[in-house]
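Structure first, commentary second.
There are 2 protein chains.
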Amino acid sequence: MVVTIKDIAEKVGVSVTTISRVLNNRGYLSDGLKQRVNEAMEEMNYQPNELARSLLRKKSNVIGLIIPDISHPFFGEVTKHIESYAYEQGYKLMLCNSLLHKKKEKEYIDLLRASQVDGIIMGSHTMRVEDYTSINLPLVTLDRQISKSIPFISSDNYHGGELATKLLLKKNCKKIAYISGNLQLNLLAKQRHDAFLEQVRGKDVEFIVKQTDLNGFKYKEYEELVRRLFQENPDIDGVFASSDMLALQVLKNCRKIGKGVPDEVKVVGYDGISFGNVEDLTTIEQPIKKMGELAITYLLQQIAGEQVPLATILPVKLLEKGTT
Amino acid sequence: MVVTIKDIAEKVGVSVTTISRVLNNRGYLSDGLKQRVNEAMEEMNYQPNELARSLLRKKSNVIGLIIPDISHPFFGEVTKHIESYAYEQGYKLMLCNSLLHKKKEKEYIDLLRASQVDGIIMGSHTMRVEDYTSINLPLVTLDRQISKSIPFISSDNYHGGELATKLLLKKNCKKIAYISGNLQLNLLAKQRHDAFLEQVRGKDVEFIVKQTDLNGFKYKEYEELVRRLFQENPDIDGVFASSDMLALQVLKNCRKIGKGVPDEVKVVGYDGISFGNVEDLTTIEQPIKKMGELAITYLLQQIAGEQVPLATILPVKLLEKGTT
DNA sequence: TTGTACGCGTTATCAT
DNA sequence: ATGATAACGCGTACAA
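In order, the protein sequences belong to chains V and A.
For the first sequence, our numbering begins at 1 and goes up steadily by one.
For the second sequence, our numbering begins at 325 and goes up steadily by one.
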C-alpha cells in the first residue's frame, strides 16, 4: 500500500490540508507541527503523488523529446545536455525515438499530448507542416526548420559548409566529394551542401555529391556509400562528410584501400561529437551543448508564456586536426 | 482551453459515462452513438488525459530508465532497444542520466516514485544496497548486480574475458595489458578483469592492469590512460580493452606512435557497439538488443505480478576482425 | 442501452 | 494557525 497525504494526516492527527501546507510551505504553521509532519513523512517514506499534483495544476513538469535515434552519437550528446539542463530546471524528460517513421512520430506526439507534457522538443520531422503547427503545445525544433512560426535552434550550417569546403580548396584538393545522409529530411543540414556547391562551382576543381537513402542511420549503409564513392572515383583527393560518423567511415575506407590521409586524401567531418576523438579528425564543430541548453531555455520560456526568437543560429568552428 | 471528456459529452448530448465507455470499449453501445462520439472526438481533437487515467488506475504506463550517461554509445544503443520494446508494449520512457553522481541518482529515484512510474530499469548504481531494496517498485538492473533479490540482466562477462584473453594468448602476445573504466562501480564488468587474470597467471606472459578514475566516461581520460600505458610499456604486444571506446583509443594511439596493428600490437575490445564499426575492431560482442528487450520483459512481468529470474546471463560472442 | 455518484491524491478557497 | 470542501479529468459500481 502506497502512503498518501491522508495517511500522514491520520498519523499526525491533523487534516490533509495541513499536511499539504507543510508540503508546499504555505500559510502559517507552528514549528512543532512542521517538525512532526516532516518526521512522519520521513518515517512512512512518503512521496507526494505528482500525477495528482499535475492534474490539478495543469502542469506536469515533463517535456517530450522526439529524435530520430538516440543511439546516434549526435543525438546522444545533445540529449545528454538537454536532460542535464532540464533536470536543473525541475523538468523530467520523456524520450521518444521516431526512427524517422511517420506513424511512430505521429503516435508519439499524440501520446505526449495525452500525457500532458508541458512542451516538446522536436529533433525529427517526417510529416506535413500543418501536423506540427496544429500540435498546440510549446514547441522547439532542433536542427530543423519546420515552419516560420515554430522556433528552431540550429548552428550555422551554411557557414560550416563554407569553412569545410574552403579548407579543402586551400589545401589544393582537385577532386572533392560531398557526402551526406539524405538531404530531404533536414533542410538546414542541406545548407552545408549548398555552401559546398557555391564554393566549388566555377573553381578549377571537380566535385561529386553523394547521399544515402532515406532510412535512418545505418552504419552499414554509410560504409557501402563510401566504398562505392572511392571505387567509382579512385582519384578523389578531398572529402567533406556532413557528419563525423560518415567521416570516420571515410577514414576507415582509406586505410583499407591504402590511401594515405591526409597525404593523398584530405577529410573534413561535421558535428564535433566528442566521439570523433577516436580519430584525429578535422571537423566543423557545432556548439552541441549550447544547442541543447537553448532548446530547453526557449521551451521553458514559451511554457512560461514568454516570447522567444523564432530563429536561432549559433556559430560553428573549424577544428583543424590531423586529417587535412 | 483543452477539451475534456465533458466537452465531448455536451457536444454529443450524452453523459460523460457514455463517452468513457466508447473510449474504453466497455458495456453496450448503440452503433450510431459510437460513431457520433468518435466523430466529435476527432473534430474537437480530443486526447484523453493520461494523468487522470493513471491516477485512477494507479498505473502510469511509464517506466524510468536510470543510466550513467546516454551519450556513451553502449548506453545509447541499449536505450534505443529499450525504448523500442517499451513502446511496442505501450509504455513510455522517462530518461534519467545519473552521471554516476550519488545525489542525482537518489533524487531521480525519488522523482520517479513520485511520478508513479510502474517500474525502474537501473543501469547505474552508486548507493548502498539498502537504498535500492527499499525502493519498493518493480526493478531490473542492467549489467550490474546490486543484490541477490533484484533481478539483473547481463551478458557473460567472465566468459567474454576468457575469450578475449585466450585469443591474445593464442596469437602469441607476450606482454598483455588489460585496461578498463573504474572497476569499483560495476562488479559484473569486473569479471572480465578476473577472467583476464585467471588466464594470464602462470602462463609465460607479462601482464599489466590499468583503470581510469571513478568519474564517468571522459574520452580525454581514456586517451591519457592509453598514452601513459604505451609510454610506460613500449613493448606491449597485446591489449584487452574492456570497452570498444577504450579499444578505439588504443588504435588511435598506436597510429600516432607508429605501432602497427595487428602486426606489432593486437587489440581486442568489448561491447560490440555498432559504432565500433568505424574501425575493423576485434571485439567481444554483447547481445545488446536482447539485453534491452529482456530488461523490459522482466520489468513488465514484475509489474504484472509475475515472478522473474533473478539472474540472467546471456552469451557473448567473439567477433574476430582486423585488429588481431 | 445510458446516467448518477463516488473516488483516485492533491491543492485552492473559504471558514473558523 | 488549522479544517472542511470543492475541483482537476477520468473510470466504475450501481441504478434506471
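Ideal Cβ placement from N, Cα and C applies to all residues, glycine included.
In the structure shown, the three-state DSSP call for Asn97 of chain V is strand. Within the stretch 434-499 of chain A, the complete alpha helix (DSSP H) runs of at least 4 residues fall at 453-457 and 481-494. A direct Cα-Cα distance of roughly 26 Å separates His193 of chain V from Ile257 of chain V. Burial of Asn97 of chain V is indicated by the presence of at least 16 other C-beta atoms within 10 angstroms of its C-beta. Neighbourhood of Met94 of chain V in chain A, by CB distance below 9 Å: Val386, Lys416, Leu417, Met418 and Leu419, in chain order. Between His159 of chain V and Val3 of chain V, the beta carbon gap of about 57 Å keeps them out of contact (Cβ cut-off 8 Å). For Ala241 of chain V, the enclosing beta strand (DSSP E) starts and ends at Gly238 to Ala241.
When the alpha-carbon of Glu279 of chain V is set against those of V:Leu65, V:Lys106, V:Gly269 and V:Gly161, the nearest one is in V:Gly269. The C-alpha of Thr342 of chain A lies about 14 Å from the C-alpha of Pro372 of chain A. Taking 7 Å as the CB threshold, Thr403 of chain A lines the interface with chain V. Under the Cβ criterion of 7 Å, Lys166 of chain V is not counted among the residues facing chain A.
The beta carbon of Met122 of chain V sits closer than 6 Å to the beta carbons of Ile66 and Thr141 from its chain, once the five residues preceding and following it are set aside; these are given in chain order.
For the C-beta of Arg437 of chain A, the chain V residues within less than 7 Å are, from N- to C-terminus, Gln47. Taking a contact as a CB-CB distance under 8 Å, the pair Gly76 of chain V and Gly400 of chain A counts as one, their CB atoms being some 4 Å apart. Neighbours of Gln184 of chain V in chain A, taken as residues whose beta carbon is under 7 Å from its own, are absent, since the nearest beta carbon is some 23 Å off. Secondary structure of Leu225 of chain V (DSSP, three-state): helix. Sequence-ordered contacts of the stretch 438-464 of chain A with chain V read Ala438, Ser439 and Gln440 [C-beta pairs closer than 7 Å]. Thr403 of chain A and His449 of chain A have their C-alpha atoms spaced approximately 17 Å apart. In the structure shown, Gly616 of chain A falls within a helical segment according to DSSP collapsed to helix, strand and coil.
When V:Pro234, V:Asp271 and V:Gly322 are compared, the shortest CA-CA separation from Asn253 of chain V is found for V:Pro234. Between the stretch 143-158 of chain V and the stretch 95-115 of chain V there are fewer than three C-beta pairs closer than 8 Å, too few to call the two in contact. Contact of Pro397 of chain A with chain V by beta-carbon distance below 8 Å involves Ser71, Pro73, Gly76 and Phe275. Near chain V, meaning a CB-to-CB distance below 7 Å, the residues of the stretch 564-577 of chain A are Leu572, Gln573 and Lys576. The beta carbon of Val261 of chain V does not come within 7 Å of any beta carbon belonging to chain A, so the residue lies off that interface. With a beta-carbon spacing of about 11 Å, Phe207 of chain V and Ile179 of chain V fall beyond the 8 Å limit used to define contacts. Taking a beta-carbon distance threshold of 7 Å, Ala52 of chain V counts as an interface residue toward chain A. CA-CA distance, Pro392 of chain A to Leu423 of chain A, rounds to 5 Å. Against chain V, a Cβ distance below 8 Å from Asp434 of chain A picks out Gln47.
Residue environment: Lys166 of chain V is assigned as exposed (fewer than 16 neighbouring CB atoms within 10 Å of its CB, all protein chains considered).
When secondary structure is reduced to three states using DSSP, Glu530 of chain A falls in the strand class. Scanning chain V for C-beta atoms nearer than 8 Å to the C-beta of Val591 of chain A yields nothing, as the closest lies near 13 Å away. Straight across, the Cα-Cα distance linking Leu188 of chain V with Ile284 of chain V is about 15 Å. Following the DSSP letters along the chain, one finds Lys641 of chain A inside the beta strand (DSSP E) bounded by residues Lys641 to Leu643.
With fewer than 16 other Cβ atoms from the protein chains shown falling within 10 Å of its own Cβ, Gln231 of chain V counts as exposed.
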